[in-house]
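Sequence order for the protein chains is D and U.
Reminder that position 42 of the first sequence reads as 41 in numbering that gives the first Met the number 0, one-by-one numbering, no gaps.
Reminder that position 333 of the second sequence reads as 332 in numbering that gives the first Met the number 0, one-by-one numbering, no gaps.
Glycine residues also receive a C-beta, built at the ideal position from the N, C-alpha and C atoms.
Read the structure below first, then the notes.
Protein chains: 2
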Amino acid sequence: MTLDPTLAAWFDAHDQRLHDDLFDFLRIPSVSARSEHAGDVTAAAAWLHGHLARIGFTVETHPTAGHPVVLAEWRKAPPGAPTILVYGHYDVQPPEPLELWTSPAFEPAIRDGHIYARGSVDDKGQLWLHVAALEAHLATRGTLPVNIIVLAEGEEEVGSEHLAPFIAAQRERLACDGVVISDSTMFAPGIPSILSSLRGLAYLQIDVTGPNSDLHSGMYGGAVVNPAMALARILATFHDAEGRIAIPGFYDRVHPFPDAVRSGLSALPHSDTEFMRHLEVEALGGEAGYGTLEKLWHRPTCEVNGLLSGYTGEGAKTVLPGTAMAKVSCRLVPDQDPEEIARLVQAHVDRVAPPGVRVTVRALHGGRPWRADLAGPLYDAAARALRAAFGRDPVITGEGGSIPVVNDFATLLGAPVLLVGFGLPGENAHAPDEWISQANFRGGMRAIAALWDELAR
Amino acid sequence: MTLDPTLAAWFDAHDQRLHDDLFDFLRIPSVSARSEHAGDVTAAAAWLHGHLARIGFTVETHPTAGHPVVLAEWRKAPPGAPTILVYGHYDVQPPEPLELWTSPAFEPAIRDGHIYARGSVDDKGQLWLHVAALEAHLATRGTLPVNIIVLAEGEEEVGSEHLAPFIAAQRERLACDGVVISDSTMFAPGIPSILSSLRGLAYLQIDVTGPNSDLHSGMYGGAVVNPAMALARILATFHDAEGRIAIPGFYDRVHPFPDAVRSGLSALPHSDTEFMRHLEVEALGGEAGYGTLEKLWHRPTCEVNGLLSGYTGEGAKTVLPGTAMAKVSCRLVPDQDPEEIARLVQAHVDRVAPPGVRVTVRALHGGRPWRADLAGPLYDAAARALRAAFGRDPVITGEGGSIPVVNDFATLLGAPVLLVGFGLPGENAHAPDEWISQANFRGGMRAIAALWDELAR
């Protein structure tokens, strides 16, 4: 379980060129959210297309109603070898606010072992290390031990609207034995990590409507039900005093997570003190009886994302608001269903809303939770490959957020999904001064190169 | 107790001219809040100055750091006659949104017995009817039965910042036996009204601060105390299930209102059904055990005026907000003190705020409650004058809002204040299509003219 010395030597010899190529990729401002960058997004697709073709892949760039999908294939592995689909995205978040970048967002720079640039970790750098690992095999051996499909999209940062239809339409062609995605983080420096679960999401908007207009709080206050106060009182019923969600039925489909998960979590070097120091808070919250990582990764939540009512400017305006609004989102764990959760919230709100106001609950967005089945050759191979590249066993992590495409792959292709990422906490993925560590860039290339060998073992 | 026939005949004969003059006054767009209208505000002061001088007053226009104060005096009443100060304001609210006016805001128009124009009721029309009543006396008799001081300001709609200092500086000169203000409404058409109480105000801003920035609600949700949810839970402790304010000490200085007040209220033609229909709500709220008018006029409140936290735009953004803000105002009744109430709210919030967030309470604005002592010659005379003009006894009303200058007059001059207004519910005082009824304009002139006679009786 060490990396093949030939591959290791090739990475060492080509380190500068692999950096240079990544820098070229990062210089393309492929901001998918901005129409003025549409040409740059296409240019990034073309750059990727060209590189994959040069190293020996058959490449197609598929237009969509949005940004293109790059589909590259290499299917010359020995008979019986597995087929693996590598997914990544070549689009990036907008770089603003520009003035907070130490060096320009699209002019990569190395400082203190970090490569700084928009897209360095999310996700061009992590996509590129896959391409480099494929090149290493093909350059040193002229072949790969597994069949590989590379699927790269340019709309991940704007919702991947056209990806699921593409996968569905190409389902036969994309049939595979596993999906590998590097678009996540390691738990800490030096600790390779496999991400085994994602929470789902039920995002709701609650609107409280009272009198037919804003009223003078002096002339009407005290006799009219105040929508803002009604909203506060409704929201206050969402949790009990122990931080447990008090919406009837909310936990009905929540499965206790496996003991192995709890013991795995307790082995992780997490410090609540450090976590609080980082956030500059003096206490943590949430559901009593669970540790912080359990709360973040494996327990459902109900959070207020936004509040708006009445007068919110400087100073005093004596208005009794006619309406009040809250954005509320529930993070979900298996087997909670976003539509059912929306209905439960609606039913609860209907029960607790006071007379004198009308309350509506509208579902804005939903996604199902995902949990990997960690048994199987893909995960075993990944564990060995990570040990080979990083010198230690990987840890199993969870993620409190959602990556909708993971469910799309799992559902549409019926294949296990391996989330193995090389970012790190503090990487500023959607913020100024985004970075990937050089150690993880190098370790990631080597781990992925090892993964193909381990999968064929 | 009828209006002197000579005065009555004069009003009848000059009805058109009194309307025409009012229309001239209303055409001046004296919007005190808009610097581009500063010249118009000055022009309205000059118009008033000119008219008061023409009818026989000694008039001065005093510049302030803001808009001028017009001070007019007539002090030739028989020895022993009382001196009355009439207060009004010649500035108006901005007219926007202009497109909602049926006829232009500064081009007065009569429809269905209403005079429509910005300032028609608030307060040019009500100030003008005082001037007309003074002219009626001076034109028909060459004298007035009481000494009169007219004090008109141009900053009422922007907070009367320079009025209290002016009153304080001119305290000797403004010494009087009573202050009369017409800047309020009658309870209903045909029901003359004396406004006997105003609620005070403690306007607060509550800021809840959690983590040092907005966080991803997926990555952090469930373990970090959410400032928006904490704010909702704090606000939900402000009232008990009966609508009673649950902030310890809040009611300590609240005096039960006199039985006479309660019986007076029950005699008023108020209908909760009509009130709800007007507001388009299906139920009323507030403190159990009190009627609507009691709640609006004589009980303190604690209302949310504004809420702001996190993401409030269209659609979904999965943010765990770093901060949350509420504007909260308490309406106060005798002898509650705005500063003490702010301290009680602060202490309560400190008690109920969860660990993990910091909460501050900032007092933005305050005013003391006011209640008239309805005994005394000023009120007796007013009751007789209103009966003479409107053919029935006045009712005693309260006002849930605040008119800060009333306390200034009461405190600085030590004189009783009579609030006798001729507006009506639905008059759109700060909204498009502001109006005063012609019946009340005419009745108001006659009532005030009668008041001077009644005061000398």
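Is it right to say residue i is buried, meaning 16 or more other beta carbons lie within 10 angstroms of its own, or is it exposed?
i               : result
P75 of chain D  : Residue identity differs from the one stated: residue 75 of chain D is Lys in this sequence, not Pro. Exposed is the call here.
L99 of chain D  : exposed
P268 of chain D : exposed
R117 of chain U : buried
H277 of chain U : exposed
E35 of chain U  : exposed
E156 of chain U : buried
P210 of chain U : buried
S192 of chain U : buried
S102 of chain U : exposed
A259 of chain D : exposed
E398 of chain U : buried
L417 of chain D : buried
Q335 of chain D : buried
P299 of chain U : buried
A428 of chain D : buried
From residue i to residue j, what distance separates their C-alpha atoms?
i               : j               : result
A287 of chain D : A240 of chain U : 27 Å
P376 of chain D : L454 of chain D : 7 Å
L412 of chain D : G189 of chain D : 32 Å
S195 of chain D : G420 of chain D : 11 Å
F237 of chain U : A201 of chain U : 15 Å
F22 of chain D  : P93 of chain D  : 18 Å
S183 of chain U : R243 of chain U : 29 Å
V344 of chain D : A229 of chain D : 16 Å
A387 of chain U : G425 of chain U : 25 Å
R370 of chain D : A341 of chain D : 21 Å
V351 of chain D : P247 of chain D : 12 Å
P4 of chain D   : H136 of chain D : 12 Å
V356 of chain U : L295 of chain D : 19 Å
E273 of chain U : L423 of chain U : 16 Å
H88 of chain D  : V223 of chain U : 30 Å
L97 of chain U  : F105 of chain U : 10 Å
L469 of chain U : A430 of chain U : A query on residue 469 of chain U cannot be resolved here, the shown segment of chain U reaching from 0 to 456 and no further.
Interface residues of chain D around residue i at Cβ under 7 Å?
i               : result
R298 of chain U : G221
N211 of chain U : L278, E279
K75 of chain U  : Those within 7 Å of K75 of chain U in chain D number zero; the least Cβ separation is about 40 Å.
Could you tell me how far apart the beta carbons of residue i and residue j are, in whole angstroms, since I believe they sit closer than 8 Å?
i               : j               : result
S308 of chain D : L306 of chain U : 4 Å
G158 of chain D : P337 of chain D : Not a contact, Cβ separation roughly 16 Å.
E72 of chain D  : I148 of chain D : 5 Å
V303 of chain D : N225 of chain U : 6 Å
G153 of chain U : S29 of chain U  : 7 Å
A138 of chain D : W9 of chain D   : 6 Å
L70 of chain D  : V404 of chain D : Not confirmed; about 15 Å, so no contact.
L450 of chain D : A381 of chain D : 6 Å
D19 of chain D  : I27 of chain D  : In fact, because the Cβ distance is near 14 Å, the residues do not count as touching under 8 Å.
E281 of chain D : P354 of chain U : 6 Å
So which residues on chain U does residue i lean against when the C-beta distance must stay under 8 Å?
i               : result
V318 of chain D : N304, G305
A446 of chain D : None at all; the shortest Cβ gap to chain U is about 24 Å.
For residue i, decide whether its Cβ has a neighbour in chain B, counting only Cβ atoms nearer than 7 Å.
i               : result
V260 of chain U : Of the chains in the structure shown, none is chain B; the protein chains are D and U.
Residues of chain U with CB closer than 7 Å to the CB of residue i, please, in chain order.
i               : result
T496 of chain D : Residue 496 of chain D is absent from the structure shown; chain D starts at 0 and stops at 456.
R232 of chain D : A235
P354 of chain D : E281, A282
G314 of chain D : L363
Y310 of chain D : N304, G305, K326
So which residues of chain D does residue i contact, with C-beta pairs closer than 8 Å?
i               : result
G217 of chain U : R198, L200, R330, E398, G399, G400, S401
E286 of chain U : G221
L295 of chain U : M218, Y219, G220, G221, A222
Which chain U residues sit within Cβ distance under 9 Å of residue i?
i               : result
N427 of chain D : Within 9 Å Cβ-Cβ: nothing; N427 of chain D doesn't reach chain U, min ~12 Å.
G65 of chain D  : Within chain U, no residue comes near G65 of chain D; the closest Cβ sits about 17 Å away, beyond 9 Å.
Any heavy atom of the ligand PLP closer than 6 Å to the Cβ of residue i?
i               : result
L150 of chain U : This structure lacks the ligand PLP; in fact it carries no ligand of any kind.
The stretch 400-417 of chain D contacting the stretch 205-225 of chain D, beta-carbon criterion three pairs below 8 Å: no
Sufficient close CB pairs (3 or more, under 8 Å) joining the stretch 261-275 of chain U to the stretch 360-375 of chain U: no
Segment contact flag, the stretch 122-130 of chain U with the stretch 435-442 of chain U, C-beta cutoff 8 Å, min 3 pairs: yes
Three or more C-beta pairs below 8 Å linking the stretch 212-221 of chain U and the stretch 310-330 of chain U: yes
At least three beta-carbon pairs within less than 8 Å, the stretch 169-181 of chain U to the stretch 84-91 of chain U: yes
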